[in-house]
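As given, the protein sequences belong to chains S and B, one line each in that order.
For the first sequence, the working numbering begins at 1087 and goes up steadily by one.
For the second sequence, the working numbering begins at 1087 and goes up steadily by one.
Below is one structure, written out as structure tokens, with a few remarks after it.
Number of protein chains: 2
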Amino acid sequence: MERSFQINMPKVETFDKELVLKRATEVFHDKGFNATSMQDLVDATTLNRSSIYNSFGSKLDLFLECLKSYQDTYVLKVSEILQSADNSLHAIELLFELYLHDTLKDKDDKGCLITNCISEMANQENAIVTFLKSNQKSFIKLLEELVAKGQKESSINLSRTPNEYALYLFSSIQGFRTAGILISNKKDLQTIANTIIQTLI
Amino acid sequence: MERSFQINMPKVETFDKELVLKRATEVFHDKGFNATSMQDLVDATTLNRSSIYNSFGSKLDLFLECLKSYQDTYVLKVSEILQSADNSLHAIELLFELYLHDTLKDKDDKGCLITNCISEMANQENAIVTFLKSNQKSFIKLLEELVAKGQKESSINLSRTPNEYALYLFSSIQGFRTAGILISNKKDLQTIANTIIQTLI
DNA sequence: ATATATTTGGAACGTTCATTTCAAATCAAT
DNA sequence: ATTGATTTGAAATGAACGTTCCAAATATAT
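What follows is the structure, given as structure tokens:
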């Protein structure tokens, strides 16, 4: 590694960026973007104001990083599900079990950060719209491939194309996540999930 | 009418309360509760600040009245649908046509005021939660009766109870309204609606 | 015309907002 | 130990926030 022009090294970032993002995400998830103040983020991260601005830019920039971090954790969870399931229908069932589990675990009824973000900001902030549309595209693509595989292996019916069922599932998941904010009854949520899936069988 | 103690009459409210609520609702619908400022509401209603506080109380009180006004217009639209439809399945189809129509008409991709409100405030404001839960209860009850009638007249299948299908429809409608914020493609939205309804047939 | 309850306009309230500033502290390389 | 790029803490910035206040305007019933 060539270092000939680097006379002195700077003081290096001391905080755990992942942990800071996790704490910031919790606040944004609880209160939403607009109701979260910079002071809330300072308190939650125990970082100094200037350190936040230095490391992340603006409040919106930090929020975008939180969205990505939140997305990453779900991508990870979902890919684990896809590997563990023996067929596509079962994978979709496990997917809803994951959302059911996360909904019941969430004592503050916060819902899904990304779905909430669609409601709050999709008609306001361009940078957010770009993220949300890309998230939507890749999620629908994943569902589409899952349905196609399920139809090949005959665990999912052929009444509709993979793209049609992917759109349906995408919309249904958003409804499930939003409805779960006010419905904390496990039986009711399980019924909704089962009925959504029933369509595919 | 007895008036013996009423010596003098006050200056009477001059503005059109319904129109003011309509204008305020438009702003709240566009920006959400937290991103809407009192100045926005003053500008939109052309009322003076003090008149707003005099007539409605606080920003939150005004928002609650807007929610109710928004709810009223949908109750009206839905009851018209229920009367015009010849059977329950058809009524549900018309219901989704209404949401589809409103989604496509909405050039600003605002979604549903009430669904957005669940995302933004259901875990923050008690007065809002009370409204949302009551709205949810009456809506699910309406759907339940609709499904029961449909099953009696054999336009809806008997795979699940009216309550189960009502929960499913309630969740599906919320998903449809949220997904419609980013999906403005009529064909895709129609596919989603059709697939949701297919479950009942 | 006068009296009076109410609305209205506009300024002002104190607080909180996101962001900036800058001196002091920090730490790797010399 | 000294150097210097960078982070950090704390205060300050000006704008915007929701709300209040009060004199002036208004409209009704006398």
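Backbone N, C-alpha and C define an ideal beta-carbon position, used for all residues, glycine too.
Quick check: what's the CA-CA separation for residue i versus residue j?
i	j	result
N1140/S	L1162/S	29 Å
D1172/B	Y1185/B	19 Å
E1206/B	Y1254/B	22 Å
H1187/S	A1265/B	22 Å
N1249/B	K1223/B	11 Å
L1133/B	A1121/B	19 Å
E1230/S	S1155/S	24 Å
A1252/S	I1259/S	10 Å
K1238/S	R1246/S	13 Å
K1273/B	E1183/S	30 Å
C1152/B	K1108/B	7 Å
G1236/S	I1242/S	5 Å
L1168/S	K1117/B	38 Å
I1269/S	D1129/B	37 Å
A1279/B	S1123/B	35 Å
S1090/S	T1216/S	Since pLDDT at S1090/S reaches only 34, below the 50 mark, its modelled position is unreliable, and the value read off the structure follows with that caveat. Between S1090/S and T1216/S, the C-alpha separation is close to 41 Å.
T1201/S	I1200/B	14 Å
Q1050/S	E1179/B	The question about residue 1050/S has no answer here: the residues shown for chain S are numbered 1087 through 1287.
Using 7 Å as the cut-off, classify the Cβ of residue i as near or not near the heavy atoms of the ligand HEM, replying yes or no.
i	result
E1166/S	As far as ligands go, the structure on display features none, and thus does not contain the ligand HEM.
Take the Cβ of residue i as the centre, count every other Cβ of all protein chains shown within 10 Å, and call the residue buried at 16 or more, exposed below.
i	result
G1143/S	exposed
K1196/S	buried
N1271/S	exposed
T1189/S	buried
N1212/B	exposed
S1220/B	exposed
S1257/S	buried
Give the interface partners of residue i over in chain B, defined as CB-CB distance under 9 Å, in chain order.
i	result
L1253/S	A1265, I1269, D1274, L1275, T1277, I1278 and T1281
D1116/S	N1209 and Q1210
Q1222/S	A1265, L1268 and I1269
D1194/S	N1209
A1121/S	F1119, N1120, E1206, M1207 and Q1210
K1219/S	L1268
Which residue's Cα is closest to the Cα of residue i: the options?
i	options	result
A1234/S	D1194/S, C1198/S, A1177/S and Q1157/S	A1177/S
F1262/B	V1215/B, A1130/B, D1158/B and Q1276/B	Q1276/B
V1164/S	G1118/S, L1148/S, L1228/S and D1147/S	L1228/S
R1135/B	L1153/B, A1110/B and K1154/B	A1110/B
K1193/S	V1106/S, H1115/S and T1100/S	H1115/S
L1244/S	L1286/S, I1214/S, F1217/S and S1270/S	L1286/S
V1106/S	I1138/S, A1213/S and M1124/S	I1138/S
K1145/B	L1168/B, A1279/B, V1113/B and D1274/B	V1113/B
S1240/B	L1175/B, Q1210/B and Q1284/B	L1175/B
Q1157/S	F1225/S, D1126/S and M1124/S	F1225/S
Y1160/B	I1267/B, L1150/B, L1181/B and D1147/B	L1181/B
F1101/B	F1119/B, L1127/B and T1131/B	T1131/B
Look up residue i in the DSSP assignment and say whether it is helix, strand or coil.
i	result
C1152/S	helix
S1090/B	For S1090/B, the predicted model reports a pLDDT of 33, less than 50, meaning its position is unreliable and no value from the coordinates is stated.
G1143/B	coil
R1246/B	coil
F1182/B	helix
F1119/B	coil
A1171/S	coil
L1232/S	helix
Q1157/B	helix
D1102/B	coil
I1287/B	coil
I1204/B	helix
L1275/S	helix
E1112/B	helix
Which chain S residues are close to residue i, counting only those with a beta carbon under 8 Å from its beta carbon?
i	result
F1262/B	S1257 and G1261
E1250/B	T1277 and T1281
Give the residues of chain S in contact with residue i, contact being defined as C-beta atoms less than 7 Å apart.
i	result
R1246/B	T1281
I1204/B	T1264, I1267 and L1268
G1197/B	S1205
T1100/B	Those within 7 Å of T1100/B in chain S number zero; the least Cβ separation is about 33 Å.
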